[in-house]
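All remarks here apply to the structure that follows.
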Amino acid sequence: MTKYKLEYIWLDGYVPTPSLRGKTQIKEFAEFPTLEQLPLWGFDGSSTNQAEGHSSDCVLKPVAVYPDPARTNGVLVMCEVMMPDGVTPHVSNKRATILDDEGAWFGFEQEYFFYKDGRPLGFPESGYPAPQGPYYTGVGYKNVGDVARTIVEEHLDLCLAAGINHEGINAEVAKGQWEFQIFGKGSKKAADQMWMARYLLLRLTEKYGIDIEFHCKPLGDTDWNGSGMHANFSTAYMREVGGKAYFEALMAQFDKNLMDHIAVYGPDNDKRLTGKHETAPWNKFSYGVADRGASIRVPHSFV
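Printed below as a string of structure tokens:
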């Protein structure tokens, strides 16, 4: 039997944006554990904004498991938060509400900023660096500094070693801003892998004394890009049958339900989706071929 370090990872109850939490327990297994072998585990919900102190128990239910390449005999365990009965989803458990369609494929593009000393990595103590232009996919110290690429490459290797479908990296438009891409088949699988990739990035940067900023517009109303998580998607019908009529009907539904989408796409998107900096206005739906100012950009290869 081998002792494994099980890192149980979950989303806390803070609003409007939850944070990742994690804690470790040691269990013995004959080999790398399967999801079915992983036990439920309790935690103090009063310290994560998920319970009151007088009744603080919440339960972690394992839903996905990955090897942890940063630890000897390490296991990464993605969890849902349940009520004390271990069966009823907690109100903060949004994963339990997802319609899980294996025919839905998602390619997520997660943008983020490296932050140090309260400002983006590479920004001076006051003012701003040279304007945007050379940083996107940039190379060289003046564009990306001396540590960002080291972290990005290490994160890429960690994700691949963990079995996460990490699809690529690039420096982004603003200085100190980067992006990684995750692909998943099935709604929950894609989301689980994105959250685990975020966790690995946040944990990795601890040793560098650097924070990760996922806020969509951390520099406010300035001439600097915000960060989004662009979602490439397709359905089984789109891939196997497709057609102009189906696509236009799909776009019409996006238009009709625009506000419902904006409501669950994260806070403060009205500050990012302004019609500037390669965005569409948050309150006006549009689509177009190769149009980075549209709500949905259709690649030429799709047409």
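This note's numbering numbers the first residue of the sequence shown as 1288 and each following residue consecutively. Where is the CB? At the ideal position from N, CA and C, for every residue including glycine.
Is DSSP giving residue i helix, strand or coil here?
| i | result |
| --- | --- |
| I1598 | The structure shown does not extend to residue 1598, since the chain is modelled only from 1288 through 1590, so no value can be given for it. |
| E1323 | helix |
| W1482 | helix |
| H1587 | coil |
| T1384 | helix |
| K1292 | strand |
| I1497 | coil |
| M1369 | strand |
| S1333 | helix |
| N1594 | For residue 1594 there is no data in the structure shown, the boundaries of the chain being 1288 and 1590. |
| V1431 | helix |
| K1563 | coil |
For residue i and residue j, what's the separation of their Cα atoms in angstroms?
| i | j | result |
| --- | --- | --- |
| S1521 | E1412 | 44 Å |
| T1375 | A1448 | 33 Å |
| S1573 | H1341 | 49 Å |
| A1550 | T1384 | 15 Å |
| D1510 | Q1464 | 14 Å |
| Y1245 | R1382 | With the chain represented from 1288 up to 1590, any question about residue 1245 goes unanswered, as that position is not in the structure. |
| D1547 | M1288 | 50 Å |
| I1497 | Y1402 | 6 Å |
| H1564 | Y1552 | 18 Å |
| L1506 | V1460 | 13 Å |
| L1322 | E1367 | 13 Å |
| M1516 | D1444 | 21 Å |
| F1330 | N1430 | 43 Å |
| T1359 | K1290 | 10 Å |
| A1417 | R1436 | 19 Å |
| A1536 | S1343 | 47 Å |
| E1440 | A1532 | 42 Å |
| H1377 | E1339 | 13 Å |
| F1589 | G1529 | 10 Å |
| P1320 | Y1353 | 10 Å |
| G1390 | E1527 | 11 Å |
Could you name the residues of the same chain whose beta carbon sits closer than 7 Å to that of residue i, not counting the 5 residues immediately before and after it, in chain order?
| i | result |
| --- | --- |
| D1404 | none |
| Q1480 | I1451, N1452, I1469 and G1471 |
| D1557 | W1569 |
| C1446 | H1453, A1484 and L1487 |
| Y1301 | N1336 |
Tell me whether residue i counts as near the ligand GTP, meaning its Cβ is closer than 6 Å to at least one heavy atom of that ligand.
| i | result |
| --- | --- |
| P1326 | Looking for the ligand GTP in the displayed structure turns up nothing, as the structure carries no ligands at all. |
Cutting at 8 Å between CB atoms, please list the residues of its own chain near residue i, excluding the five before and the five after it.
| i | result |
| --- | --- |
| I1577 | Note on identity: in this sequence residue 1577 is Ala, with Ile being the wrong assignment. Cβ within range, chain order: R1584, V1585, P1586 and H1587. |
| T1424 | N1457 and A1458 |
| D1355 | K1292, E1294, G1361, V1362, L1363 and A1449 |
| G1373 | L1327, V1346 and K1348 |
Are residue i and residue j closer than 7 Å when you measure CB to CB?
| i | j | result |
| --- | --- | --- |
| E1466 | F1400 | no |
| G1432 | G1409 | yes |
| Y1295 | K1310 | yes |
| N1419 | S1379 | For clarity, residue 1419 is Gln in the given sequence; the question names Asn instead. Cβ distance not < 7 Å, so Q1419 and S1379 don't count as in contact. |
| Y1428 | K1462 | no |
| M1369 | A1351 | no |
| Y1486 | L1307 | yes |
| H1442 | L1488 | yes |
| C1388 | S1334 | Checking the displayed sequence, the identity of residue 1388 turns out to be Asp instead of Cys. Contact flag unset, no. |
| P1303 | P1554 | yes |
| G1575 | A1567 | no |
Please confirm if residue i has its CB atom under 7 Å from at least one CB of chain B.
| i | result |
| --- | --- |
| V1431 | In summary, chain B is missing from the structure at hand, where a single protein chain is found. |
Excluding sequence positions up to five away, which residues of its chain have a Cβ less than 6 Å from the Cβ of residue i?
| i | result |
| --- | --- |
| A1513 | As written in the sequence, residue 1513 is Gly, which differs from the Ala given in the question. These residues qualify, in order along the chain: C1503, K1504 and R1559. |
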